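S.K.: Numbering (my numbering), first residue to last: 399 to 621. Provided herewith is a single structure, encoded as structure tokens, for subsequent inquiry.
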């Protein structure tokens, strides 16, 4: 049975940054993720000024900015049925950065964010345990200060296997909206509402006459 300060479930940006911050404050940490390999998809890609300020405290802001693209504004465009694209508004992305050193939005795909955070974490001697899945947790207030007993198993096999039990002071569920950590306890609820509508996100290379230095959103009404 392993005994540590904190077990983190989920190695996305939140889980990785939490692991970095805890490790540099000398807490013992293990971080697991059910995926065998990091995602190669961009997913979220905007880092705002307050996030950069927090990254600066960990000495990560310069590395983020070196790999990202700085954009102070967002162009809103519409695509007409004849193929013409017109700009109808420009939003300043630095409206919430009054007094900040970072008066812009940083464009950086999530897979690159995770790569930067993983490198920093590994430089401190902590490695993401991939292909490991959280199974359940038991809360024990009768023993010492390690009151959380979590069971983890390999995510890469369907056979019956013995789970590893990790005792920790804290359990952090950073495994997304469908969090297995949250669902493991009936009284750990997720407050919120589900938004109706369709939304798609794709990574690709576009051939366009638009200025590639611009950051924009194109709206199109199909008829």
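Cβ coordinates follow ideal geometry from the N, Cα and C atoms, glycine included. Note that the coordinates shown come from a computational prediction; the quantities given were computed from them, not determined experimentally.
To the nearest angstrom, how far is the alpha carbon of residue 621 from that of residue 507?
M.R.: Unreliable positioning characterises residue 621 in this predicted model, as indicated by a pLDDT of 49, which lies under 50. The coordinate reading is nonetheless provided below. Approximately 32 Å, taken between the alpha carbons.
S.K.: Leaving out five residues on either side along the sequence, give the residues of the same chain with a beta carbon under 7 Å from the beta carbon of residue 426.
M.R.: Within the same chain, residue 426 has close Cβ partners 402 and 403.
S.K.: Which residue or residues does DSSP assign as beta-bridge partners of residue 473?
M.R.: Residue 473 is bridged to 488 and 614.
S.K.: Using the Cβ count rule (16 or more neighbours within 10 Å means buried), how would you classify residue 588?
M.R.: Classification of residue 588: exposed, given that the 10 Å Cβ count is below 16.
S.K.: Can you have a look at residue 409 and say buried or exposed, based on whether 16 or more other CB atoms are within 10 angstroms of its CB?
M.R.: Answer is buried; the Cβ neighbour count reaches 16.
S.K.: Could you tell me whether the segment 521-532 touches the segment 456-465, where touching means 3 or more Cβ pairs closer than 8 Å?
M.R.: Taking 8 Å as the limit for Cβ pairs, the verdict is that the segment 456-465 does not touch the segment 521-532.
S.K.: Pop quiz: residue 569 and residue 421 are said to be a contact at Cβ under 8 Å. What is the actual Cβ separation, rounded to whole angstroms?
M.R.: With a Cβ gap of about 17 Å, residue 569 and residue 421 do not count as contacting.
S.K.: Decide if residue 438 is buried, meaning its Cβ has at least 16 other Cβ atoms within 10 Å, or exposed.
M.R.: Residue 438 is exposed by the Cβ-count criterion.
S.K.: Closest to residue 441 by C-alpha separation, out of 431, 601 and 605, would be which residue?
M.R.: Out of 431, 601 and 605, 601 has the C-alpha closest to the C-alpha of residue 441.
S.K.: Please report the distance separating the alpha-carbon of residue 596 from that of residue 400.
M.R.: Each residue's alpha carbon lies about 44 Å from the other.
S.K.: Return the first residue and the last residue of the beta strand (DSSP E) that residue 530 is part of.
M.R.: 530-537 is the extent of the beta strand (DSSP E) around residue 530.
S.K.: Please check the pair residue 613 and residue 450, which I expect to be a contact at CB under 8 Å, by giving their CB distance rounded to whole angstroms.
M.R.: Actually they do not touch by this definition, with Cβ atoms about 16 Å apart.
S.K.: On the DSSP letters alone, give me the boundaries of the beta strand (DSSP E) that residue 565 sits inside.
M.R.: Where residue 565 is concerned, the enclosing beta strand (DSSP E) stretches over 562-571.
S.K.: Return the CA-CA distance between residue 538 and residue 546, expressed in angstroms with no decimal places.
M.R.: Rounded to whole angstroms, residue 538 to residue 546 spans 6 Å at the Cα level.
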